[in-house]
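Participant: Just so you know, the protein sequences line up as chains X and G, in that order.
Take the first sequence: its letter number 48 is residue 48 in the working numbering, and every next letter is one higher.
Count along the second sequence from 1, then add 1000; that gives the number in the working numbering.
Beta carbons are placed, not taken as given, at the ideal position from N, Cα and C, and that holds for glycine.
I'd like to ask you about the structure that follows.
Protein chains: 2
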Amino acid sequence: MGITKTESYTDQTLMLAGLFKALGHPARLAILQYISKQSSCICGDIVSELPLSQASISRHLQELKTVGLIKGEISGTSVCYCLNNEHIPYVSQFLIQFQTPNNPTCCS
Amino acid sequence: MGITKTESYTDQTLMLAGLFKALGHPARLAILQYISKQSSCICGDIVSELPLSQASISRHLQELKTVGLIKGEISGTSVCYCLNNEHIPYVSQFLIQFQTPNNPTCCS
DNA sequence: TAATTATATCGCAATATTACGATTAAATAA
DNA sequence: TTATTTAATCGTAATATTGCGATATAATTA
Chain X
1 MGITKTESYT
11 DQTLMLAGLF
21 KALGHPARLA
31 ILQYISKQSS
41 CICGDIVSEL
51 PLSQASISRH
61 LQELKTVGLI
71 KGEISGTSVC
81 YCLNNEHIPY
91 VSQFLIQFQT
101 PNNPTCCS
Chain G
1001 MGITKTESYT
1011 DQTLMLAGLF
1021 KALGHPARLA
1031 ILQYISKQSS
1041 CICGDIVSEL
1051 PLSQASISRH
1061 LQELKTVGLI
1071 KGEISGTSVC
1081 YCLNNEHIPY
1091 VSQFLIQFQT
1101 PNNPTCCS
């Protein structure tokens, strides 16, 4: 149905899935890397960095903001975006459980 | 368009985005956690663990397998799935760049 | 061989995502 | 006030995802 049975999962699982989902698009990864590369806040010159329209970049930025991966602040006519790394540790921590050695007797 | 301009990104970015995307659904996170919880290979009793139909679970398993997050091996009439942690370090490594301290002069 | 079991795939419907041009809104500059 | 600049939002079209019932496939068992 293209709709997810969200009521069946814990809040934590839903939150993590939301973060992963936001990270699950190459444009958003590129945006995050570009913002992270800058030492200070950058503004909408992401548009000139990526081969997407202003409208599309803006939508991706909103998605990243919604899940809390970036913050934005109006400054004049432009908007300054920067990383919000608050949630990154949860994501990294979650992945650790999958870093145990592969079971050698299993699915060779 | 619901289609991504994949030709604009590096293979590495596309691969990471694919992994994040696969992780970006609560059912798939739940499946991974369930598989990881078992000490040995488990089979399709994931179906009885999650509130999804056999067809839907099977689809999610295929997606996880496609991006290489799990491996599957036929054993009798059933199929044994287990984690493939091969790609996890890339994902974790990628996230490290975002773990630098937030710029305090930026987007208070 | 026929039935059973376990899983994958097909076909479909509902919803979501992606992208963009056009428009709107809000702040600044002329 | 009127332009200009910058970014968000609207509307639309194309494609993707999610989910399930039904069916197919493949190995096992009777």
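Can you tell which of I3(X), E63(X), C106(X) and V67(X) has the C-alpha that lies nearest to the C-alpha of V91(X)?
Facilitator: By one-based count along the first sequence, residue 91(X) stands at place 91. Of I3(X), E63(X), C106(X) and V67(X), the residue nearest in Cα terms is V67(X).
Participant: Does DSSP classify S1115(G) as helix, strand or coil?
Facilitator: In the structure as shown, chain G begins at 1001 and stops at 1108. Residue 1115(G) is therefore absent and cannot be evaluated.
Participant: Counting contacts by CB-CB distance shorter than 9 Å, is H60(X) in contact with chain G?
Facilitator: Sequence index remark: in the first sequence, residue 60(X) carries index 60 (1-based). Not closer than 9 Å to any Cβ of chain G, the Cβ of H60(X) fails to qualify, so no.
Participant: Do we get a CB-CB distance below 9 Å when we pair L1014(G) with the residues of chain X?
Facilitator: Taking the second sequence and counting its residues from 1, the one referred to as residue 1014(G) is at position 14. So yes, L1014(G) belongs to the interface.
Participant: Could you check where the alpha helix (DSSP H) with I88(X) kicks off and where it finishes?
Facilitator: Taking the first residue of the first sequence as position 1, residue 88(X) is located at position 88. Here the alpha helix (DSSP H) through I88(X) covers I88 to I96.
Participant: Compare the beta carbon distance of S28(X) and L83(X) with 9 Å and say whether it is the shorter of the two.
Facilitator: In the first sequence, the residue the question calls residue 28(X) occupies position 28. In the first sequence, the residue the question calls residue 83(X) occupies position 83. Per the sequence presented here, residue 28(X) reads as Arg, with Ser not at that position. Taking 9 Å as the Cβ cut-off, R28(X) and L83(X) do not qualify as a contacting pair.
Participant: Going by DSSP in three states, G72(X) sits in which element: helix, strand or coil?
Facilitator: Position 72 of the first sequence, counting from 1, holds the residue named residue 72(X). Reduced to three states, the DSSP call for G72(X) is strand.
Participant: Does the beta carbon of Q1054(G) sit closer than 9 Å to a beta carbon anywhere in chain X?
Facilitator: Along the second sequence, read from residue 1 onward, the residue named residue 1054(G) stands at position 54. Not closer than 9 Å to any Cβ of chain X, the Cβ of Q1054(G) fails to qualify, so no.
Participant: Going by DSSP, name the residue or residues bridged to C1107(G).
Facilitator: The sequence position of residue 1107(G) within the second sequence is 107, counting from 1. None; C1107(G) has no bridge partner.
Participant: In terms of residues, what are the limits of the beta strand (DSSP E) holding L83(X)?
Facilitator: Counting from one through the first sequence, the residue named residue 83(X) turns up at place 83. It spans S78 to L83 - the beta strand (DSSP E) in which L83(X) sits, taken as one unbroken run.
Participant: Going by DSSP, which residues form a beta bridge with I42(X)?
Facilitator: Translated into positions along the first sequence, residue 42(X) becomes position 42. Answer is Y81(X).
Participant: Closer than 9 Å, CB to CB, is L1023(G) near chain X or not?
Facilitator: Stepping through the second sequence from its first residue, residue 1023(G) is reached at position 23. So yes, L1023(G) belongs to the interface.
Participant: Please work out which residues of its chain come closer than 8 Å, Cβ to Cβ, to V1079(G), disregarding the five sequence neighbours upstream and downstream, and give them in chain order.
Facilitator: Numbered from 1 along the second sequence, position 79 holds the residue referred to as residue 1079(G). Excluding sequence neighbours, V1079(G) sits near C1043, G1044, G1072 and E1073.
Participant: Counting only beta-carbon separations shorter than 9 Å, does T77(X) have a partner in chain G?
Facilitator: Within the first sequence, numbered from 1, the residue matching residue 77(X) stands at position 77. False, the Cβ-Cβ gap to chain G never drops below 9 Å.
Participant: Counting only beta-carbon atoms, is Y34(X) nearer than 9 Å to chain G?
Facilitator: Here residue 34(X) refers to the residue found at position 34 of the first sequence. Taking Cβ atoms only, chain G never reaches closer than 9 Å to Y34(X), which makes this a no.
Participant: Would DSSP call S8(X) helix, strand or coil?
Facilitator: As a working mapping, residue 8(X) is identified with position 8 in the first sequence. Reduced to three states, the DSSP call for S8(X) is helix.
Participant: Note down, in chain order, each residue of its chain lying with its Cβ closer than 7 Å to the Cβ of L14(X), except the 5 sequence neighbours on either side.
Facilitator: On the first sequence, residue 14(X) is found 14 positions in, with the first residue counted as 1. These residues qualify, in order along the chain: T6.
Participant: Please state if the CB of G1024(G) and the CB of G76(X) are separated by a distance shorter than 9 Å.
Facilitator: Taking the first sequence and counting its residues from 1, the one referred to as residue 76(X) is at position 76. Taking the second sequence and counting its residues from 1, the one referred to as residue 1024(G) is at position 24. Not closer than 9 Å, so no.
Participant: If you follow the alpha helix (DSSP H) that I3(X) is in, where does it begin and where does it stop?
Facilitator: Along the first sequence, read from residue 1 onward, the residue named residue 3(X) stands at position 3. In the DSSP assignment, I3(X) falls outside any alpha helix (DSSP H) and carries neither an H nor an E.
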